[in-house]
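Protein chains in written order, with our numbering: chain A, 1 to 425; chain B, 1001 to 1167.
Even for Gly, the Cβ is constructed at its ideal location relative to N, Cα and C.
Some notes on the structure that comes next.
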Amino acid sequence: MRDLLKIILETQLHYVHRAQLLCVRKATGFIRSIVLLISAAGLYGLAGNVHAAAGDVISNTATVDYFFQAVPFTVESSPTGNAVAGIGNGVATTFTEDRLVNFNVVSNDATTVVVNSGQVSAVLTFTVTNVGGAPGMGSNGPLDFLLTAVNTSPNPFGGLADTFDPNAPMRVFVEDGTTPGTYQPAEDTAVFIDELAPNNSRTVYVVVDIPATVVATEISAVALVAQVVEGGAAGQGAVINSDDNGHVSPAGIYSNGATNVAAGVVNNVADTAGLETIFNDPAGIQPEDADSTGAVTDIAANGQHSDVGAFEVSGSPVTINKSVTVIDTFGGTDPHVGATLRYQLDVIIVGAGGVNNLVITDPVPANTTYTPGSISLSGPTPLNPVFASFNGGLNQIEVDLSEGMTRTITVADSPVTITFDVTIN
Amino acid sequence: MKNLNFIIAMLISFLMFSAQSFAEEGNVKLTNKAFKQVIKTNDKGEKVLDYIDPALALPGDVIFYTTTFENIGKEPATKVVINNPIHGNLKYRQGSATGKDTEIKFSIDGGVSYDSPEKLFVTDKTGKKWAAKPEDYTAIRWIYKKQLLPGEKGTVSFRAIIRKPGE
Chain A
1 MRDLLKIILE
11 TQLHYVHRAQ
21 LLCVRKATGF
31 IRSIVLLISA
41 AGLYGLAGNV
51 HAAAGDVISN
61 TATVDYFFQA
71 VPFTVESSPT
81 GNAVAGIGNG
91 VATTFTEDRL
101 VNFNVVSNDA
111 TTVVVNSGQV
121 SAVLTFTVTN
131 VGGAPGMGSN
141 GPLDFLLTAV
151 NTSPNPFGGL
161 ADTFDPNAPM
171 RVFVEDGTTP
181 GTYQPAEDTA
191 VFIDELAPNN
201 SRTVYVVVDI
211 PATVVATEIS
221 AVALVAQVVE
231 GGAAGQGAVI
241 NSDDNGHVSP
251 AGIYSNGATN
261 VAAGVVNNVA
271 DTAGLETIFN
281 DPAGIQPEDA
291 DSTGAVTDIA
301 ANGQHSDVGA
311 FEVSGSPVTI
321 NKSVTVIDTF
331 GGTDPHVGAT
341 LRYQLDVIIV
351 GAGGVNNLVI
361 TDPVPANTTY
371 TPGSISLSGP
381 TPLNPVFASF
391 NGGLNQIEVD
401 LSEGMTRTIT
411 VADSPVTITF
421 DVTIN
Chain B
1001 MKNLNFIIAM
1011 LISFLMFSAQ
1021 SFAEEGNVKL
1031 TNKAFKQVIK
1041 TNDKGEKVLD
1051 YIDPALALPG
1061 DVIFYTTTFE
1071 NIGKEPATKV
1081 VINNPIHGNL
1091 KYRQGSATGK
1101 DTEIKFSIDG
1111 GVSYDSPEKL
1121 FVTDKTGKKW
1131 AAKPEDYTAI
1141 RWIYKKQLLP
1151 GEKGTVSFRA
1161 IIRKPGE
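Following this line, the structure appears as structure tokens:
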């Protein structure tokens, strides 16, 4: 009886343990590996997770296989220690991969975009990139971005000063990819960037109307500001206007006026097992944030980045209007031999810049003779008459307003009025 | 005879019941912890390694896993083998697996099979075989060469780096 009991005992033990191991030793190798794969699937992942991303829970459970009194056991791990044998009795060791945010905005225009006074839908082009490259420095997940255009100064290309703002409201649209390379009003209608993966970029257009009152050479500097928003699902996510490292974003109005974002509030809560966000964006080039009061600057790690482009109104800064008056020897206006013709040149300067080396020349007309000493100069500012002369060899009037390349003529000197007389031969 | 059959049937159910509860209590306790490895400066101004809670974990961070196995029973445990998977967001740091008195092998097929590094090959889409790199490993196995006597414990560990997107 005792032997029978012993056999029954041993048989029962073997049956139960083998079942718990989920590994039938007498099965074929193929079936065994399928079973192992199924049980392991919950524990093991594939190498090289190309979607390694913020918010992922990094989880693993170790196992120990051993024999005790010639009977096999499997025990899963737990973070505090598990001794209950059998698959499914352990607790995974987990932590969450946190979110790093790094992105930039870059102007596509190498110089000013030339426009005409009164032009509608003038365009500046920018590229917004979700930077994913450097380990621990780049973003580790897809992001959305809110966008807005902001008036700024100075002229990012140097030279002529920023003198006007486009008409309000300025608009911002995202290139939709149908006709890349140019702004298409019917196609490029999205007002925010949706689901930009790390190491990817989108083209963004700032579209403005130029006032009709501006004149040649005037400049308007305009910045595009991008504000980081949660990605991971289609449609605009929640704005991330503060991170878990004490950084905040300034307030702003985005999406062509549709989205108002308050300034972020500092959050210095200690890091948890859940998802934290860290801003790692660089400082922007343009000195004004979406708040645009001039008091806030696009500092590093504020969840925003920006860059500047500029419009330039085309046309020459110098215009010359010429008129003539006949002075009749008999006191009338009859142009007969001996009559005097008085020519007047009005030299008009426009724009914010200055004109260098400005020399006006005017040939004496055929069949007339210059009246010596008749040149006169006048204008709102003092002009040196030494530099206004008649060149007998070339038979022309020469007025060197640069005064020997020492003077820049600006709108303050405008208009310069030059008069001279000739007599009809 | 009927009585005996009944007694045997009862005995079998009883044994199954007790065998079931007996089987659930192993003799080895297994603990698996994850830490973030950081560098800090000690009082002497030297740079030393420190291990902290991985509450803030970003790509490029080094995660240190330590697994402790302890015999809490009254009999020795034999043929002790520890397996630890490497999560897909992590890449194994070459040479970092350690364990006193263990033989260490790696898996590149999700824990189905293990072998020593020089015997691991991956096949690419063209059919060409390449020696597996540490970032291809998906699990680590430590084969404990000794018996684990009652009250004894051992520790094995490894390091892995959080991958950046696309790695």
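With a CB to CB cut of under 6 Å and the five nearest residues on each side skipped, what residues in its chain are close to residue i?
i                      : result
residue 27 (chain A)   : Confidence at residue 27 (chain A) is low in this model, with a pLDDT of 38, below 50, so the placement of that residue should be treated as unreliable; the coordinate-derived value is given next. Correct list: empty, nothing qualifies.
residue 171 (chain A)  : 207, 256
residue 420 (chain A)  : 343, 374, 375, 397
residue 1141 (chain B) : 1083, 1105, 1114
residue 1092 (chain B) : 1086, 1134, 1137, 1160
residue 361 (chain A)  : 396, 398
residue 94 (chain A)   : 57, 59
residue 1097 (chain B) : 1104, 1140, 1158
Tell me the DSSP secondary structure of residue i in three-state form.
i                      : result
residue 326 (chain A)  : strand
residue 25 (chain A)   : Residue placement at residue 25 (chain A) is flagged as unreliable, the pLDDT there being 40, under the threshold of 50; the coordinate-derived value follows with that caveat. In the structure shown, residue 25 (chain A) sits in coil (DSSP, three-state: anything other than H, G, I, E or B).
residue 108 (chain A)  : coil
residue 1129 (chain B) : strand
residue 416 (chain A)  : strand
residue 387 (chain A)  : helix
residue 41 (chain A)   : Unreliable positioning characterises residue 41 (chain A) in this predicted model, as indicated by a pLDDT of 36, which lies under 50. The coordinate reading is nonetheless provided below. Looking at residue 41 (chain A) - three-state DSSP - the assignment turns out to be helix.
residue 1074 (chain B) : coil
residue 1054 (chain B) : coil
residue 137 (chain A)  : coil
residue 1010 (chain B) : helix
residue 97 (chain A)   : coil
residue 35 (chain A)   : In this prediction, residue 35 (chain A) has a pLDDT of 36, which is less than 50 and means its spatial position is unreliable; nothing more can be read from the coordinates.
residue 256 (chain A)  : coil
residue 411 (chain A)  : helix
residue 1171 (chain B) : Summary: the structure shown does not reach residue 1171 (chain B), with chain B confined to residues 1001 through 1167, and so no result is reported for it.
residue 1146 (chain B) : coil
residue 1124 (chain B) : coil
residue 1135 (chain B) : helix
residue 230 (chain A)  : strand
residue 72 (chain A)   : strand
residue 1118 (chain B) : helix
residue 989 (chain B)  : The shown model of chain B, from 1001 to 1167, leaves out residue 989 (chain B), and the question about it has no answer.
residue 316 (chain A)  : coil
residue 289 (chain A)  : Residue placement at residue 289 (chain A) cannot be trusted, given a pLDDT of 42 that sits under 50; the coordinates are not used to answer.
residue 423 (chain A)  : strand
residue 1163 (chain B) : coil
residue 311 (chain A)  : strand
residue 272 (chain A)  : coil
Thinking residue i and residue j are a contact (beta carbons under 8 Å), I'd like their distance in whole angstroms, please.
i                      : j                      : result
residue 1095 (chain B) : residue 1139 (chain B) : Contact doesn't hold; Cβ gap of about 17 Å is too wide.
residue 143 (chain A)  : residue 103 (chain A)  : 7 Å
residue 1196 (chain B) : residue 1089 (chain B) : What is shown of chain B runs 1001 to 1167, which leaves residue 1196 (chain B) out entirely.
residue 275 (chain A)  : residue 99 (chain A)   : 6 Å
residue 96 (chain A)   : residue 273 (chain A)  : 6 Å
residue 221 (chain A)  : residue 117 (chain A)  : 17 Å between Cβ atoms; not a contact.
residue 339 (chain A)  : residue 329 (chain A)  : 6 Å
residue 349 (chain A)  : residue 253 (chain A)  : Not confirmed; about 39 Å, so no contact.
residue 195 (chain A)  : residue 258 (chain A)  : Going by Cβ atoms, the distance from residue 195 (chain A) to residue 258 (chain A) rounds to 19 Å, so no, they are not a contact pair.
residue 238 (chain A)  : residue 251 (chain A)  : In fact, because the Cβ distance is near 16 Å, the residues do not count as touching under 8 Å.
residue 418 (chain A)  : residue 345 (chain A)  : 4 Å
Using a Cβ-Cβ cutoff of less than 7 Å, which residues in the same chain neighbour residue i once the five nearest sequence positions on both sides are dropped?
i                      : result
residue 295 (chain A)  : With a pLDDT of only 49 at residue 295 (chain A), under 50, the local geometry of the prediction cannot be trusted, and the value read off the model is given with reservation. Nothing meets the Cβ criterion.
residue 1073 (chain B) : 1027, 1150
residue 112 (chain A)  : 157, 219, 310, 311, 312
residue 165 (chain A)  : 151, 220
residue 1029 (chain B) : 1070, 1072
Excluding the 5 residues flanking residue i on each side, which residues of the same chain have their C-beta closer than 8 Å to its C-beta?
i                      : result
residue 158 (chain A)  : none
residue 369 (chain A)  : 422, 423, 425
residue 190 (chain A)  : 173, 174, 176
residue 115 (chain A)  : 122, 210, 311, 312, 313, 314
residue 201 (chain A)  : 127, 128, 129, 130
residue 1075 (chain B) : 1027, 1150
Q: Residues of the segment 169-202 of chain A with a CB closer than 9 Å to any CB of chain B: list them in chain order, please.
A: Within the segment 169-202 of chain A, those residues whose Cβ lies closer than 9 Å to any Cβ of chain B are, in chain order, 197, 198, 199.
Q.
To be precise: take each residue of the segment 63-76 of chain A, compare its Cβ to all Cβ atoms of chain B, and keep it if any distance is under 9 Å. Which residues remain?
A. For the segment 63-76 of chain A, which is checked against every Cβ of chain B, the residues closer than 9 Å are 63, 64, 65, 66, 67, 68, 69, 70, 71, 72, 73, 74, 75, 76.
Q: Only counting runs of 3 or more residues, tell me where the beta strand (DSSP E) segments fall wholly within the segment 183-226 of chain A, in order along the chain.
A: The beta strand (DSSP E) runs of length 3 or more contained entirely in the segment 183-226 of chain A are, from start to end of the chain, 192-196, 200-209.
Q) Listed in chain order, which residues of the segment 261-280 of chain A have Cβ atoms closer than 8 Å to some Cβ of chain B? A) Listed in sequence order: 270, 271, 272, 273, 276, 278.
Q. Taking a cut of 9 Å between CB atoms, which residues from the segment 96-126 of chain A lie near chain B?
A. When CB distances to chain B are screened at a threshold of 9 Å, the residues of the segment 96-126 of chain A falling below it are 96, 97, 98, 99, 100, in chain order.
Q: Return the chain-ordered ranges of every alpha helix (DSSP H) run that is complete within the segment 329-355 of chain A and spans a minimum of 4 residues.
A: DSSP runs (the alpha helix (DSSP H)) wholly in the segment 329-355 of chain A: none.
(Q) What are the residues in the segment 1097-1118 of chain B lying within 9 Å of chain A by C-beta distance? (A) Residues of the segment 1097-1118 of chain B with a Cβ closer than 9 Å to any Cβ of chain A, in chain order: 1107, 1108, 1109, 1110, 1111, 1112, 1113.
Q: Determine which residues of the segment 1073-1088 of chain B have a Cβ less than 9 Å from any Cβ of chain A, and write them out in chain order.
A: Within the segment 1073-1088 of chain B, 1073, 1075, 1076, 1077, 1078, 1079, 1080, 1081, 1082, 1083, 1084, 1085, 1086, 1087, 1088 place their CB atoms closer than 9 Å to a CB of chain A, listed in sequence order.
(Q) Just to confirm the assignment: which complete beta strand (DSSP E) runs, minimum length 3, are found wholly within the segment 147-187 of chain A? (A) Taking 3 residues as the shortest admissible run, the segment 147-187 of chain A contains the following complete beta strand (DSSP E) segments, listed from N- to C-terminal end: 167-174.
Q.
Beta carbons nearer than 7 Å to chain B: which residues of the segment 213-247 of chain A have them?
A. Against chain B - using a Cβ distance shorter than 7 Å - the segment 213-247 of chain A contributes no residues.
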